[in-house]
Amino acid sequence: MKFGVDYYPEHWPEERWTVDAKLMKEAGIEVVRLAEFSWAKMEPEEGTYDFSWLDKAIATLGKEGIKTVLGTPTATPPIWIIEKNPEILPVNQEGIRLSFGGRHHNCQSNQVYRNHIKRFVASMAKHFSNNPDVVGWQIDNEFGNSHQQLCMCDSCRTAFHQWLQNKYTTIDNLNNTWGTTFWSQTYSSFDQIPVPLRTPNSHNPSLLLDWKRFSSDLIVDFQKHQLNIVRKECPHHFVTHNFMGFFDKTNYFDLSKDLDFISHDQYPMYFKKSIEMLSHKHSLAATLDLMRGMKQKPFWIMEQQSGPSGWETMSPTPRPGQLALWTYQSIAHGADTIVYFRWRSCLFGTEEYWHGILPHHGEPERRYEEIKQTIGELSPVMEMFKGGLPDSDVGILFSYDQEWAFQIQPHHYDLNYINHLLGYYKAFYEANIPVDMVSDEQDFMKYKLLVVPLLFLSKPDLTSKLEKYVSDGGHLILTMRSGVKNWNNTVIPKILPGDLAPIAGIKISEYDCLNDVSQSIRWFSSELFDKVEQVSKWADIITLDGAEALAFYAEDYYKDTPAITQNIYKQGITYYVGTELGNDIMKEFICYVVKKSNIQPILQTPKGVEITNRTSKNGKYIFILNHNPKPEVFYIPYNWEPVIGQRFLVDSKINLPPYGTAVFKTK
Amino acid sequence: MKFGVDYYPEHWPEERWTVDAKLMKEAGIEVVRLAEFSWAKMEPEEGTYDFSWLDKAIATLGKEGIKTVLGTPTATPPIWIIEKNPEILPVNQEGIRLSFGGRHHNCQSNQVYRNHIKRFVASMAKHFSNNPDVVGWQIDNEFGNSHQQLCMCDSCRTAFHQWLQNKYTTIDNLNNTWGTTFWSQTYSSFDQIPVPLRTPNSHNPSLLLDWKRFSSDLIVDFQKHQLNIVRKECPHHFVTHNFMGFFDKTNYFDLSKDLDFISHDQYPMYFKKSIEMLSHKHSLAATLDLMRGMKQKPFWIMEQQSGPSGWETMSPTPRPGQLALWTYQSIAHGADTIVYFRWRSCLFGTEEYWHGILPHHGEPERRYEEIKQTIGELSPVMEMFKGGLPDSDVGILFSYDQEWAFQIQPHHYDLNYINHLLGYYKAFYEANIPVDMVSDEQDFMKYKLLVVPLLFLSKPDLTSKLEKYVSDGGHLILTMRSGVKNWNNTVIPKILPGDLAPIAGIKISEYDCLNDVSQSIRWFSSELFDKVEQVSKWADIITLDGAEALAFYAEDYYKDTPAITQNIYKQGITYYVGTELGNDIMKEFICYVVKKSNIQPILQTPKGVEITNRTSKNGKYIFILNHNPKPEVFYIPYNWEPVIGQRFLVDSKINLPPYGTAVFKTK
Amino acid sequence: MKFGVDYYPEHWPEERWTVDAKLMKEAGIEVVRLAEFSWAKMEPEEGTYDFSWLDKAIATLGKEGIKTVLGTPTATPPIWIIEKNPEILPVNQEGIRLSFGGRHHNCQSNQVYRNHIKRFVASMAKHFSNNPDVVGWQIDNEFGNSHQQLCMCDSCRTAFHQWLQNKYTTIDNLNNTWGTTFWSQTYSSFDQIPVPLRTPNSHNPSLLLDWKRFSSDLIVDFQKHQLNIVRKECPHHFVTHNFMGFFDKTNYFDLSKDLDFISHDQYPMYFKKSIEMLSHKHSLAATLDLMRGMKQKPFWIMEQQSGPSGWETMSPTPRPGQLALWTYQSIAHGADTIVYFRWRSCLFGTEEYWHGILPHHGEPERRYEEIKQTIGELSPVMEMFKGGLPDSDVGILFSYDQEWAFQIQPHHYDLNYINHLLGYYKAFYEANIPVDMVSDEQDFMKYKLLVVPLLFLSKPDLTSKLEKYVSDGGHLILTMRSGVKNWNNTVIPKILPGDLAPIAGIKISEYDCLNDVSQSIRWFSSELFDKVEQVSKWADIITLDGAEALAFYAEDYYKDTPAITQNIYKQGITYYVGTELGNDIMKEFICYVVKKSNIQPILQTPKGVEITNRTSKNGKYIFILNHNPKPEVFYIPYNWEPVIGQRFLVDSKINLPPYGTAVFKTK
């Protein structure tokens, strides 16, 4: 199964199903995802099940050779459940219980709701366990989506208390760890601890971080609750869940562990006002790299954009070639299966402008033809890449704990963990240097260069691991605010960067939040002239303690003190960047570091042309992706063997059309 | 009764009433509106009525020949009602019951409240039914004002269920119509259906449209509840209600039907930060045209601005001449009676900066003199215009259903039904071509040109009516997003513009929401040079199917495809505009269309000088309104006979002072 | 006691206390504030007291000669109180009860809470009454902080009713005073009156002003409740409270009356996005002048900024020299004692980025050295200034009632009472003319010039006082919107400026809110050329009635009418400014007025160099404060005798380093 589509037979008359199945087959579709929002249709009243319509749909598709992945529809409890047990509805930060009427109107800690799930999911799984056309399951849908403030109901409060008790054992331990002596917040029992409902000012930052961890663990536990049921009834089916890239309500590393593989929903064109994080080409690539990093193995795209997205507002329409381009990009970064969302634009409901491959009227048009052609081109060669991954010399450490800690205390209004991290990612991306996103549990030694941005919370085992990495010859980039706090979000009373000082070879005597304050740095470029560029958000004021300076501040009372340093430590090097860099000096810096680390870009390409590799047992495959709305021409090494896109080659050059793609094999 | 004023005798000592009455009479005032917020004074405790003060006030005014219109004070239930029945207080979208302390603190579905109204309004009506100075009634005040989110209490929920049951008869019918299979929202009984309280994400768009219709109908029904009482007790009195122009909580066409005539509150200078819709001269004219369109007959201005408006903040002060100008404008567009709001600036309460004709201190000043002079000038000639209406060749269809549908799904962040419509209105306004605003129930055949903007929701009878209109020689302008949905807000699975395709002669294969995307169009102007101008919000990508192109897109992959088309259909022409035009090409386009439709502007005037006609059985009267803060000079046709403003004529030219006005009669 | 520090021994291990005490002593610290947030540690469960740790801490500090001020910890009721009496938690404007988890989570009217306080504070006060190291008390902490919307619970509602009954005696009196006849808001008993919870629109402005006064009085009463306890137990201790400058939830004049002296928390660098009011040098000076004005005597700084401030976000770091500079500035404006906040940056809790003198790691660094040096320099000479105050010829009247009235009705979106007032302050500040901030109860006669900005609410005794002031030769500046309303926030029906008209010699026939309207004025400068400058917010249209015009409007229909007037009244002069001036004409105007009033600037200094005086029984001391990040050189009068900063003198010039300071004595 290499290409699929998300399909909602329950939205269409039965007689259309055959038409759809034939059109799918013609386009090369081999798998569908079904039923993930259809609880009401499968259990119209408590204990009365009707799977017959779904049996029929699966069979109709099966007749065309199309397999089915089923979703557990637990993101949409029907009204009769809510009517019976309104306590399932989630409560927001104001203490207001939300209403039925959308989706995700459920509290994930609620035991009554879990019992409804147990009854229903067990029945559903049992019913489909032996259906030969069913191959696997998706649990729920996009966990954490729609739960902006997380649920703050009494059930969650009790679950939070239990979670805290498991973590801290005694209330004294919690009091000491959180520093509740501040503002007289000392507790004498766990059940006194508030969930972070609105207070006259701010909650304790340690409580807030534990709340975010608890909420993440709750989702992991909620998934496990369903996984256990499905695995028991359907031991031969795979189980996955559809992630959402940089979405951060759940620690996806944790959520991944229980799954056979992870899936991801990739929407390059978003329907809301553009969010910086999502609106750049490098962010799309970074998203896919993060998803691959979850289990360091290939993954599915469970929802690959197939048209304009939209709820109340809409994205622009994907330009001709972009649906293909994005498909190639997903595969290039490690997807083995691409499932498009959705088959046909729905005629009703909140998502009627979340366009499918087919338009509302159902006749194949441009999007169908483009996807059909893309599948036709890729399907024969997918086996070559299968199981392969990009070959990366650079790792960037991604940490949900750091992300949450900066949400709780952003320091500067505009400081954002993910944007800071993407600043580094972008420099590698534009230099055509593949990157892996890694968790702190993964192996660092395979990377020539490791970037650990904003290592704000530190813990001894991670510090040791980094020390060992550098000792053994690794090159490490650390950035501002490293080593400030322990893992419980309280400050370590040491000179910064705390336990990282030895490998960084610096001391930070002071720091300056660039809140309405201007600062810039000077980089001694390889040419005759220096570059000076604005920096932002923060400035560490650094004293060298073994390290040497690579760049200097250019303004205010700490002018001419070091802003970027490098420290040779045993076999390796630690770089420290005391501020948030602008694009130009970031580029200079990464160029410098990459050379030092002996890392080679794949190829020089015109701006906007992404190039990356995917290396399987069959060889190393180079994907070339033109993200520009105009053709791009450039040289291709003589020894690269075209796999797709030979037609674009003229002599030793490739002439890619707008949004055009090609795949080569290197020797 | 041609001129009146809104008066609050209860705010002033009784001895002042005589002074006020005399000053009113001197200014030419013939009618007052009284008592619309004075429930507490008329019924200080349940069942104890005191109308004596009002009798006295009416008599004092009557002695000066001034008649009275009474308001039912149901927008301000007294505290003793709220204390007894707090369930009358409205509930907002968060589920929070609002507090007593302002006005409109009432739920319009609440039966207990309706009973209070029944008791009180019957007593009041009975008491005044034979008072010879009382001539009519205003029901409540500005329905829908202050109900931003509509009431979401349990009583409204029950009323909504009843409304839905009346509309859909069976729950299956509702489920099928709304497409509740989407996200498992299927209902098994009407009482399960939520009111749109906050959910984790979005409600079903069909539910939301029905909710808006229900809320509108509720207001119509609430009015009828009072109307029945008043009509029964006072069969010889007229009954009206004061509307608020483009305000859209109620379908004013529906609200109009039960009234003898409609009234309108006209405030050209608003106290809040300027709202685009209201801040332009053409919007003021459009507002009046919409009000005239309600019953296609003359109306009252029940509140004509008489000074700076203000609550917590204030508008600027109307410039000398503007109060007169706005009075002329109201009459020009169809008002037969002008009632100024208010007599004297109040000394207390929320509206103490909503300035009256008299200032706080009560001595006549500039505003009193200006209004007195205006009345003196107009009063003798009002009879000539009476009952007359503007003579318009152009109709613009206004639809509350479309407005609501675009509120629910604006498509593009800045797309707004009324602003889009006003883009067309403005082009006619600036060309001095009178326009009627029409509902879809009114006769189209009287117009040479009909503009139907954003005909998003379509219904067969309206489609047929438009087809017949064009067939019989009408010229029709349709715009983007036409024919997308049925009247229940779900998508029609047809190639766009759906059932309108035959008369438009086009097919829309794709569309592009201009969300962060640039687009422009090229108009082949009559000169040698083309005009290219930015468009916004949306671009339909059009294939000609009989039509010909008038303008073309100028950017991106659909460059050079049609953006505006014209299609000769039987005896008429359909124009289709696939995007939202800028000012320049809108002007070119309307100029082109107007010529084709053989429509003549009244006269060329300098920018900022409005000219329109009002045609009664006595002849056609031309109103000239200089909205500019400077004099304007221009030619007047030799055969126009001055009615007002002869003093401004010099030879064949008129020299209007700043904000000056004149009226002519044509032969 | 001249220098102190806020210290939290409970945040640090006991063994550190000795180290801290020694470091404090070395730095010259003589007093600490302790325990103001430590209820939970002193009363871990109801009725069980543990003051032993605090005894120990006090003794440890006492051994180094450091005295203690104790805070009553009533801003942080422990969780066991909230658990037992959740009704103590405050309720916001939506009617939502806030949660435990921050601080100030208490309703100040709640009797149950007051009983808890009575029990605890009595025990605490009794325990420490005879401790020789304890010298005084701070009641609670920063009253009003964190109570953005004030508490709207049932207890506050009842207290509000009682307050209203005390004020108005009868409900008829209240109805008449508030004008409740408007919108039928007439009450028949006090207990019907709402607290200003959210309504469909706006509450009565008189109710809103009384609500703000009630809330202020409630805080005064809450302080008195504690004061009585402390004074009874500790008759020999002083009692103070830490104010927050222009913070306006409480009328600080009222709050001051019950205190021995007031204290103030001075934070020149704020952690939130810059607020105009706070971000200018002149605002810092104005804040201090307001604090001095409370009791017209010296005060304490209870929290003087000692490092970057921060909660979730941070301020920049104070530049080298700024901590010293701000210390000098506080003393220059009347502080006798400077207590720095805080000793050491906390390792946990909401304020871990509110940096202390010591950094998190506890080793003395730059900030410690700077403060130590500052204390070393100042300590020997503090006795000279002690008890002295600046000698000011100018008074600016500050009124909480006016501030509240403009919050309720700002008239123009951007009109703000304090910013308007600071416009005048700034002109004097930049001209090096010292200013006193005075309440309307204080003596005006000592000032050559009195500025009364926005005297919106007027009352007969104040009007008389001002009339007498001018009659007797005083120069008075009045500004727009004077004399509009009575003290109960309803309009006085007189020609403006109402009762102030006689002394102003003008009549205001109209006014124009500059809401989206442009206006400017022309000042006839002493040179050949006029100045024209934009004005904003408001324009009074003035008719001279004895006064003469100093400046004229330059736009629109009231062009060339007076904008600023002066009126010779008996022995004095009244100026009236009918608009909000820009910087340039404000400067011209103040320069003109100052000359007329025969007021001398202390000295001409470069921009950014503040100069002011503090005059004690020992003489007149001149403080020079360089707020610029660069050195400034200028002449010093030959007869000024250096007290501090002699090293900066070169011949007759002073060469101040960046942020440098000096003190001179004049003869």
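So the sequences go chain by chain: A, B and C. Using my numbering, you'd call the opening residue of the first sequence number 486 and step up by one each time. Using my numbering, you'd call the opening residue of the second sequence number 486 and step up by one each time. Using my numbering, you'd call the opening residue of the third sequence number 486 and step up by one each time. A virtual CB, placed ideally from N, CA and C, is assigned to each residue, including glycine.
- In summary, B:Asn901 is buried, with 16 or more beta-carbon neighbours lying within 10 Å of its beta-carbon over all protein chains present.
- When secondary structure is reduced to three states using DSSP, B:Tyr838 falls in the coil class, being assigned neither helix nor strand.
- Residue pairing by DSSP puts A:Phe1108 in a beta bridge opposite A:Thr1097, A:Val1148.
- Only Ile893, Gln894, Pro895, His896, His897, Tyr898 from the stretch 884 to 898 of chain B bring a Cβ to less than 8 Å from some Cβ of chain A.
- Taking every protein chain shown into account, the CB of C:Gln814 has 16 or more other CB atoms within 10 angstroms, so this residue is buried.
- Under the DSSP assignment, B:His601 falls in the alpha helix (DSSP H) whose first and last residues are 596 to 613.
- Residue pairing of B:Asn616 in beta bridges, as defined by DSSP: absent, with no partner found.
- Between the stretch 616 to 628 of chain A and the stretch 704 to 721 of chain A there are three or more inter-stretch CB-CB distances shorter than 8 Å, so the stretches are counted as touching.
- Secondary structure at C:Tyr885: helix, using DSSP grouped into helix, strand and coil.
- Distances from the CA of A:Leu981 to each of A:Arg966, A:His612, A:Phe833 were compared; the closest alpha carbon is that of A:Arg966.
- In the structure shown, the three-state DSSP call for B:Lys1016 is strand.
- Shortest Cα-Cα distance from C:Lys742 to any of C:Lys757, C:Gln751, C:Gly778 involves C:Gly778.
- Under the 8 Å criterion on CB atoms, B:Arg683 is classed as interfacial with respect to chain A.
- Assignment of B:Ile816 by DSSP, reduced to helix, strand and coil, places it in the helix class.
- Contact annotation, B:Pro1143 with B:Asn1113: C-beta distance approximately 6 Å; criterion of less than 8 Å satisfied.
- B:His818 is positioned such that its CB atom lies no closer than 8 Å to that of C:Pro685.
- Going by C-alpha positions, B:Gly983 is about 56 Å away from A:Glu1018.
- In the DSSP assignment, C:His726 forms no beta bridge with any residue.
- The beta strand (DSSP E) runs lying completely inside the stretch 741 to 822 of chain A and spanning 3 residues or more are 748 to 751, 784 to 790, given in chain order.
- A:Glu1065 has A:Ser1021 as its beta-bridge partners, per DSSP.
- For A:Asp1041, no alpha helix (DSSP H) run applies, since DSSP gives it neither H nor E.
- At a cut-off of 8 Å between beta carbons, B:His688 contacts chain A.
- Contacts with chain B (Cβ-Cβ distance below 8 Å) from the stretch 503 to 526 of chain A involve Phe522, Ser523, Trp524, Ala525, Lys526, listed in chain order.
- Interface annotation for the stretch 1028 to 1046 of chain B against chain A: Tyr1042, criterion Cβ-Cβ distance under 7 Å.
- The beta-bridge partner set that DSSP reports for B:Arg518 consists of B:Asp491, B:Val554.
- A:Tyr909: not part of any beta strand (DSSP E); member of the alpha helix (DSSP H) spanning 902 to 915, first to last residue.
- For C:Trp622, the three-state secondary structure derived from DSSP is strand.
- For A:Ser994, the closest Cβ of chain C is nearer than 8 Å.
- Identification of chain C residues near B:Trp565 by a Cβ-Cβ cut-off of 8 Å yields Ser673, Gln677, ordered along the chain.
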